[in-house]
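Enquirer:
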Amino acid sequence: MAITLESEGTTSPEGVADRPLVVAGTELRSRLFVGTGRYRNDQEMLAALEASGCELVTVAIRRLDLDDPKKKTILDVIDWNRYRILPNTAGCRTAEEAIRIARLARSMGLSSWIKLEVQPDPRYLLPDPVETLRAAESLVKEGFVVLPYINADPILARRLEEVGCATVMPLGSPIGSGQGLVTREQIELIIENAHVPVVVDAGIGAPSDASLAMELGADAVLVNTAIAQARHPALMAGAIRLGVEAGRKSFLAGRIPRQPTAAASSPEAGVSPLAR
């Protein structure tokens, strides 16, 4: 008998209870967050969002063309009544730039929630730990709900939690690389010690990667390129949704430990000597 999905907010027939995902006091029905970059067109993006079942959608503020008020942007395409917009500071190279973009997003009426990204390296897009912590400290003091994108650094994750970040979002591997959970061991340490939701962000390339992140105990995953650049984005979005749900169920069920030797699945008690 299948376990009831966590998004339904009930206990499974097997008596396995799940807690809802809560970020900064807000309950989110889906553990899959989806980005809006790199889609071939708006139609594919909207179909993928629908298929993903997501609630939280990230939008890169620096990549919006805000100079022409008559020109439509992603913000005009997405249904704000259906999805929660999470502005992000992608493209910012310093704490000061990220803080300015966060303030701009809030002044536009988007949200006081901000996905904080500070990436000075244009080739690998790895986050700057020092500038990220600086920006996080300032933004939390200004009343922002900060969701920082970071390297899978357990010490930095703890520091960001201590300054008041609502989540920590360690990368599985570089953005858009599709390499999967290269940083698995560090992510496990972050999950073990965190007291805020852990969202695995970047590097997920397939449903199996998303499932593994959830099996490890991550609270959610954020996926963009793996969906947007798939041959059929909506189909991939639906597949990753199922991967997230399967991984969460697996985490709740509790997998068997890995062992170096075999263990017979059939009992040997009562088996005659001739049958052995």
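Residue numbering for the sequence shown follows this note's numbering, starting at -6 and increasing by one per position.
Each residue gets a CB set at the ideal place from its N, CA and C atoms; glycine is no exception.
#1: I'd like the span of the beta strand (DSSP E) that includes glycine 28, first residue to last.
#2: Going by DSSP, name the residue or residues bridged to proline 163.
#3: Please classify proline 80: does DSSP put it in a helix, a strand, or coil?
#4: Pull the bridge partners of lysine 108 from the DSSP assignment, please.
#5: Measure from the alpha carbon of threonine 125 to the alpha carbon of each residue in Pro115, Val139, Arg116, then state which is nearest.
#6: Within a Cβ cutoff of 8 Å, which residues of the same chain sit near leucine 17, ignoring the five residues on either side of it in sequence?
#7: Leaving out five residues on either side along the sequence, give the residues of the same chain with a beta carbon under 8 Å from the beta carbon of glutamate 1.
#8: Can you round the beta-carbon distance between proline 226 and glutamate 37 to whole angstroms, since I take them to be within the 8 Å contact cut?
#9: Taking three-plus beta-carbon pairs below 8 Å as touching, is the region 107 to 118 in contact with the region 141 to 156?
#10: Within a Cβ cutoff of 6 Å, which residues of the same chain sit near serine 45, ignoring the five residues on either side of it in sequence?
#11: State the start and end residues of the unbroken alpha helix (DSSP H) segment that holds leucine 245.
#12: Where threonine 283 and serine 100 are concerned, what is the direct C-alpha to C-alpha distance, given to the nearest angstrom?
Expert: Considering the structure as presented:
#1: According to the DSSP assignment, glycine 28 belongs to the beta strand (DSSP E) that extends over 25 to 28.
#2: Ile143
#3: strand
#4: Partner(s): Asn81, Leu140.
#5: Nearest option by C-alpha distance: Val139.
#6: Here residue 17 turns out to be alanine, not leucine, going by the sequence shown. Cβ within range, chain order: Trp106, Val138, Ala159.
#7: Reliability fails at glutamate 1, whose pLDDT of 45 lies under 50, so the model's placement of it is uncertain and the value that follows must be treated cautiously. Cβ within range, chain order: n/a, list empty.
#8: 5 Å
#9: yes
#10: Once the five neighbours on either side are set aside, the close Cβ partners of serine 45 are Leu25, Val27, Ala230, Arg234.
#11: Secondary structure note for leucine 245: its alpha helix (DSSP H) is the uninterrupted segment 226 to 246.
#12: The displayed coordinates of the chain run from -6 to 269. Any statement about residue 283 would go beyond what the structure contains.
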